[in-house]
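When you line the sequence shown up against mature numbering (1 follows the signal peptide of the UniProt record, and there is no 0), it's residues -21 to -1, 1 to 369, in that order. In this text, a Cβ means the ideal position worked out from N, Cα and C, and glycines have one as well.
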Amino acid sequence: MSKIFFHIFFVISAALVAVYGVSTKCEKTVTTATLNGLKKSLNEKKVCSGDLIFEETFDSFDLNVWQHDITFNGDQKWEFQWYTNNRSNSFVEDGCLNLRPSITADDFGELFLHTGTLDLNGALNEQCTDARNSGCKRSGSHMNIINPIKSARVRTFNSFAFKYGKVEINAKMPSGDWLLPSIKFLPKINAYGLWPASGEIDLVESRGNRDLLKDGFNIDNDQITSSLHFGPYINVDAWKKTSFPRNSSEKGKGFNNTFHRYQMEWSADKITFSVDDIETSTVKPKSGFWEIGDFDLKLPSINNPWATGSKLAPFDQEFYLSINLAVGGEGFFPDHTVNVVSEKAWNKESVNAMNDFWYARNTWLPTWKIHENRTKEASLLIDYIRVWAL
């Protein structure tokens, strides 16, 4: 059974309960949380600063806690996977959540990519979750094939969201060219507008390539990145101001080799990222993220969407957890890189990037070791997730 603990001293359900002792000197917490769709005041439930409010150890795969995205649409990057709710792509094994890539043509055949149609709208409990960019139905052609990779994205949108707290996620990054794992937090309600106006917190992103160089510097699975996304509208995202790459201390001992603890402390005035208790970055705005983004200079005619929020806006609202394994796409795999195994098959000028990627599969697919050990090397593995009240 999946172990989820909400430290709030009343029964949520028989499967989601554990009561921890309360310290004799209880400091009030600034953390708030939404549990199973109901917003709860943690102070009313005598939750103290430092108390554990959420824990997942993946003894089983509790689908009441973890909802699946079902869509062809990626994360603003036109990625090459489609997200399914299928135990071939997301499952719990040996106490870990596994997000695993698989090949669409293995299920439907190569010809189907060029001539078939996939409609992701099914029964009421199996509906497409994101219709943007033809995300619910696609037909293949020789010019535009159906997404050639199946993968998974799971989230706690309906079960758990919180504002302010300490987070620790023990995870192992995947190995395999052009794999893009991500652990992030997204707003429960878009209080300031559509993405990125309401923010995005990327706890960790990485690349699966084993030897990928940009200007002579490793940007492969020896590197992880934590970022904040924010901006007044979709084409204006100042994430580069708050993006923090970190490389492993020794080449070849990357974040794909073993589990690491990815951590965040999120308070009312700052966000701090750490890995294995080593701080990697802190964002502490003096007056707000509008100033961090230099939007007054870049967009003098645009109003500040966060003017009525706190100085941490848009990061002053409840966020839920989202974990996914994407493939390729635009942006995170820059052009003009050197991939030792093979060249990148597409670029930002590609008319049919997904086709170019798929037709070059003999160069990248062997790096996934997809038929070895349940594709463990190419899978994103999550050991545990813990959130404490601040």
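For P160 against E184, the beta-carbon gap comes to about 7 Å, under 8 Å, which counts as contact. For the options V330, L103, W174 and G144, the alpha carbon positioned closest to that of T8 is the one of G144. Each residue's CA atom was taken as its position, placing L173 and S138 some 22 Å apart. With respect to the C-alpha of H239, the residue from D201, S222 and M122 having the closest C-alpha is D201. Of the candidates C5, L31 and K4, L31 places its Cα closest to the Cα of A12. A contact is defined here as three or more CB-CB pairs under 8 Å, and the stretch 69 to 81 fails this definition with respect to the stretch 97 to 117. Of the residues assessed, S120 falls on the exposed side of the cut-off, its CB having fewer than 16 other CB atoms within 10 angstroms. One thing to note: L369 has its Cβ within 8 Å of the Cβ of S28.
By the CB criterion at 8 Å, F298 and F136 fall outside the cutoff. Look at the stretch 90 to 121 and you find these whole runs of beta strand (DSSP E), each 3 residues long or longer: 96 to 98 and 116 to 118. Between the alpha carbons of S113 and S177 lies a gap of roughly 23 Å.
For T83, the enclosing alpha helix (DSSP H) has its first and last residue at T83 to F87. Sorting E58, T251, K129 and C75 by C-alpha distance to the C-alpha of D86 places K129 at the top. Non-local C-beta neighbours of D255 in its own chain, meaning closer than 6 Å and more than five positions away in sequence, comprise H239 and R240, ordered along the chain. When rounded, the separation of the alpha-carbon atoms in L344 and D273 is 42 Å. Taking C-beta atoms as the reference points, T251 and T261 count as a pair closer than 8 Å. In the three-state DSSP reduction, T346 falls in the helix class (H, G or I).
With three or more CB-CB distances shorter than 8 Å, the stretch 301 to 312 counts as touching the stretch 48 to 62. Per DSSP, E270 is one residue of the alpha helix (DSSP H) stretching across F268 to I271. In the three-state DSSP reduction, D54 falls in the coil class, being neither helix nor strand.
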